[in-house]
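Down below is the structure, laid out as structure tokens.
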Amino acid sequence: MNLDRDAIKAAVRAKVIELAKSLGMDAGDIGDDDIIPASGYVDSAAILELVVWYEGEYDLPLKQDEINIDNLGSINAMADFVLKRKGGG
Amino acid sequence: MAFALHAPRVNNNDDIVQVIAFRVAPGDLVKKGDVVVDVETDKAIVEVEAERDGYVLKLMCAVDDKVAVGSILLWQGDSADEPVPESVAATPVEGGGGNARPTAKARALLKELGLDAGVVPATGERLTLADVEAHMAAHGIRRRDQTPAVAAPAGESLPDVPGDLVDLSAEERGMLITVSWHRDHAAATYLEVEYDPKAWEDHAAAYASANKLMLSPLLPLLAYRLVQLVKASPRLNATVVNGKRFQYKPVNLGFTVQAGETLYLTVVRDADSLETAKFIEALGEVQRHAIQRKLSREETSGATIAFSSMARWNVSRHIPILPPYCSLMIAHAAPKGSGRAVLGASYDHRVLSGFDVARLLMDLAKPPV
Numbered sequence: 000m001n002l003d004r005d006a007i008k009a010a011v012r013a014k015v016i017e018l019a020k021s022l023g024m025d026a027g028d029i030g031d032d033d034i035i036p037a038s039g040y041v042d043s044a045a046i047l048e049l050v051v052w053y054e055g056e057y058d059l060p061l062k063q064d065e066i067n068i069d070n071l072g073s074i075n076a077m078a079d080f081v082l083k084r085k086g087g088g
Numbered sequence: 000m001a002f003a004l005h006a007p008r009v010n011n012n013d014d015i016v017q018v019i020a021f022r023v024a025p026g027d028l029v030k031k032g033d034v035v036v037d038v039e040t041d042k043a044i045v046e047v048e049a050e051r052d053g054y055v056l057k058l059m060c061a062v063d064d065k066v067a068v069g070s071i072l073l074w075q076g077d078s079a080d081e082p083v084p085e086s087v088a089a090t091p092v093e094g095g096g097g098n099a100r101p102t103a104k105a106r107a108l109l110k111e112l113g114l115d116a117g118v119v120p121a122t123g124e125r126l127t128l129a130d131v132e133a134h135m136a137a138h139g140i141r142r143r144d145q146t147p148a149v150a151a152p153a154g155e156s157l158p159d160v161p162g163d164l165v166d167l168s169a170e171e172r173g174m175l176i177t178v179s180w181h182r183d184h185a186a187a188t189y190l191e192v193e194y195d196p197k198a199w200e201d202h203a204a205a206y207a208s209a210n211k212l213m214l215s216p217l218l219p220l221l222a223y224r225l226v227q228l229v230k231a232s233p234r235l236n237a238t239v240v241n242g243k244r245f246q247y248k249p250v251n252l253g254f255t256v257q258a259g260e261t262l263y264l265t266v267v268r269d270a271d272s273l274e275t276a277k278f279i280e281a282l283g284e285v286q287r288h289a290i291q292r293k294l295s296r297e298e299t300s301g302a303t304i305a306f307s308s309m310a311r312w313n314v315s316r317h318i319p320i321l322p323p324y325c326s327l328m329i330a331h332a333a334p335k336g337s338g339r340a341v342l343g344a345s346y347d348h349r350v351l352s353g354f355d356v357a358r359l360l361m362d363l364a365k366p367p368v
């Protein structure tokens, strides 16, 4: 597990692109602050897959009420939340 | 005194579970609620928890063994050196009998259930029908005539084309059971209504914004509305068993989740007792568990009504198969760019009329005021 902020962002971005690709979308230009659910690249089922991947990748079990836009809404938010929970941010 | 942990019934349709992993070994001290064994059924991998505190005395089967529901997985005791009862010191699914000789009626029922006499405690010198029935009640075991069976066509010949027979996967077997129940038991019928999705989309968007949700709540809100409508009309929440109407008390919502190649029917139990936000949370939990392949027994069984959406796949219509003992499954579709959406329903006509279902769909097409 690499807890470097840029590495987390790169991993999240790669996962979003992978999930979008499975839906026939190219999310290559998604911005770090773009709201992922509003981007149109991934649907709810894909976001759910993203969340489950995120929990496993960073050993970060989430409570249901933590799965919100503030914590996980963008690539930057997801990176910040890992670092905050792991004490690195 | 030693006490046994039995193989649980996970689905109505599965009389056998396969041991996937033991999390404990003899000598380990486990607490009530600790996961001690993983077992697999046709539909899911389930974690079996210790029912009491105690030391593990002996494992009664091995990884990959297939064991009958109700048979003993392991023995525990209050101390680590307690003796294991000899009469049941064998893997039950294929083992020999216990000490108490079964009566003819008990033997017939044991045979029907695929249970070994050694796993059923006798109250007297002989193992009686009442003993077996008490064991069934304690472990949720049903008689075969109360459970849907996969009917294999007798004497079915192979196609006149070269090929190989291949065993079905656990998921494929589960689907075969469901499809067979639908075919053999339900009087399955389908109808649908088209509706303008804008009101629902606006309702879901407002809810998502107010609650800062990551996932669109459209489908959970639709499912919750279904639960509320069924709660208000209990006759929608029923099935037929042995020629009688079985009226369910709780509304347990089945909700399909596609996890990779596997389609799960996840279940939110007692959905009618939950407030909107709690229901959405509960549904989110079972969806995550499905993707993680960590569904519990309660999350994969007991659906009394169900909801399925294929809006993701942009289909214009899908006609769901009714899960066993479920008389109503809603099918949602919303072809992209069409400006319309469809709410359909597969329903068991033995239980529900077209009027019941049409009225339900028309109500469901409108978000709550």
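Going line by line, the protein sequences match chains A and B.
Numbering (numbering that gives the first Met the number 0) for the first sequence: 0 to 88.
Numbering (numbering that gives the first Met the number 0) for the second sequence: 0 to 368.
Beta carbons are placed, not taken as given, at the ideal position from N, Cα and C, and that holds for glycine.
Predicted, not measured: the structure shown is a model, and the values here were computed from it.
- At least three beta-carbon pairs within less than 8 Å, the segment 46-65 of chain B to the segment 97-108 of chain B: no
- Query: With which residues is threonine 188 of chain B paired in a DSSP beta bridge?
  - Reply: B:Tyr346
- Using the C-alpha atoms, what's the distance from valine 267 of chain B back to glycine 225 of chain B? Glycine is not the amino acid found at residue 225 of chain B; the sequence shown has leucine there. Cα to Cα, leucine 225 of chain B sits roughly 13 Å from valine 267 of chain B.
- Would you list, in sequence order, the uninterrupted beta strand (DSSP E) runs of no fewer than 3 residues that lie entirely inside the segment 3-52 of chain B? 15-21, 34-39 and 44-48
- My understanding is that serine 307 of chain B touches isoleucine 290 of chain B, with C-beta atoms under 8 Å, so please give their C-beta distance in whole angstroms. The pair is not a contact, with the Cβ atoms about 17 Å apart (cut-off 8 Å).
- Message: Let me see if you follow: with CB-CB separation under 8 Å, is leucine 280 of chain B close to chain A or not?
- Response: In the sequence under discussion, the amino acid at residue 280 of chain B is glutamate, which differs from the leucine named in the question. Chain A, which has a Cβ nearer than 8 Å to the Cβ of glutamate 280 of chain B, makes this yes.
- Task: Within the same chain, show all residues whose beta-carbon is closer than 8 Å to that of lysine 293 of chain B, passing over the 5 residues directly before and after it, in chain order.
- Result: Within the same chain, lysine 293 of chain B has close Cβ partners Ile44 and Glu46.
- Item | Distance CB(valine 34 of chain B)-CB(phenylalanine 21 of chain B) smaller than 8 Å | no
- For the putative contact between alanine 45 of chain A and leucine 22 of chain A, defined by C-beta atoms under 8 Å, what is the C-beta separation to the nearest angstrom? 6 Å
- Message: With a threshold of 8 Å on Cβ separation, who are the neighbours of proline 216 of chain B within its own chain once the five nearest residues in sequence on each side are excluded?
- Response: Ala203, Tyr206, Ala207, Asn210 and Ile279
- Query: Under 9 Å Cβ-Cβ, which residues of chain A neighbour leucine 128 of chain B?
  - Reply: Result: empty, since nearest Cβ-Cβ is about 47 Å, beyond 9 Å.
- Task: Under 7 Å between beta-carbons, which chain A residues line up against serine 156 of chain B? List them in chain order, please.
- Result: Those do not exist, as serine 156 of chain B stays about 40 Å from chain A at its closest Cβ, beyond 7 Å.
- Segment limits, beta strand (DSSP E) that includes isoleucine 71 of chain B: 71-76
- What's the C-alpha gap between valine 256 of chain B and leucine 282 of chain B? 10 Å
- Query: So which of B:Pro366, B:His5 and B:Val350 has the shortest CA-CA distance to histidine 184 of chain B?
  - Reply: B:Val350
- Message: Nearest by alpha-carbon distance to lysine 335 of chain B: which of B:Pro319, B:Ile304 and B:Val314 is it?
- Response: It is B:Val314 whose Cα lies nearest to the Cα of lysine 335 of chain B.
- Query: Identify the residues that DSSP records as bridge partners of arginine 244 of chain B: which are they?
  - Reply: In the DSSP output, where bridge partners are listed per residue, arginine 244 of chain B has B:Val239.
- Residue ranges of each alpha helix (DSSP H) run of no fewer than 4 residues wholly in the segment 271-342 of chain B, ordered along the chain? 275-291
- Task: Identify the contact partners of isoleucine 290 of chain B in chain A, using a Cβ-Cβ distance below 7 Å as the criterion.
- Result: Leu47, Glu48 and Val51
- Query: How far does the beta strand (DSSP E) with valine 226 of chain B in it reach, from first residue to last?
  - Reply: For valine 226 of chain B, no beta strand (DSSP E) encloses it; the enclosing alpha helix (DSSP H) starts and ends at 217-231.
- Query: How is tyrosine 57 of chain A classed by DSSP in three states: helix, strand or coil?
  - Reply: When secondary structure is reduced to three states using DSSP, tyrosine 57 of chain A falls in the coil class, being assigned neither helix nor strand.
- Among B:Ser70, B:Ala187 and B:Val9, which one has its Cα closest to the Cα of histidine 348 of chain B? B:Ala187
- Query: At which residues does the alpha helix (DSSP H) containing threonine 255 of chain B begin and terminate?
  - Reply: Where threonine 255 of chain B is concerned, there is no enclosing alpha helix (DSSP H), although the beta strand (DSSP E) it sits in stretches over 252-258.
- Task: Look up tyrosine 206 of chain B in the DSSP assignment and say whether it is helix, strand or coil.
- Result: helix
- Task: Output, in chain order, the set of chain A residues within a Cβ distance shorter than 9 Å of arginine 287 of chain B.
- Result: Leu47, Val50, Val51, Glu54, Leu61, Gln63 and Ile66
- Query: glutamate 81 of chain B by DSSP, collapsed to three states: which one?
  - Reply: coil
- Message: Under 8 Å, CB to CB, which of the residues in the segment 7-41 of chain B have a partner in chain A?
- Response: none
- Message: Is there a C-beta anywhere in chain A that falls below 8 Å from the one on arginine 311 of chain B?
- Response: yes
- Query: Do leucine 73 of chain B and leucine 4 of chain B have their CB atoms nearer than 8 Å?
  - Reply: yes
- Can you give me the start and stop residues for the alpha helix (DSSP H) that leucine 112 of chain B sits inside? 103-112
- Item | Neighbourhood of histidine 317 of chain B by C-beta, 7 Å cutoff - its chain only, sequence neighbours within 5 removed | Met309, Ala330 and Ala332
- leucine 359 of chain B versus threonine 303 of chain B - alpha carbon distance: In this model, leucine 359 of chain B and threonine 303 of chain B are separated by some 16 Å (Cα to Cα).
- Query: Along chain A, in chain order, which residues have C-beta atoms closer than 9 Å to that of serine 215 of chain B?
  - Reply: Pro36, Asp42, Ser43 and Ile46
- leucine 220 of chain B versus chain A: which residues are under 7 Å apart at the beta carbon? Those do not exist, as leucine 220 of chain B stays about 12 Å from chain A at its closest Cβ, beyond 7 Å.
- Item | Residues of its chain near glutamine 17 of chain B, where Cβ-Cβ distance is below 6 Å and the 5 sequence neighbours each way are ignored | Glu39 and Lys65
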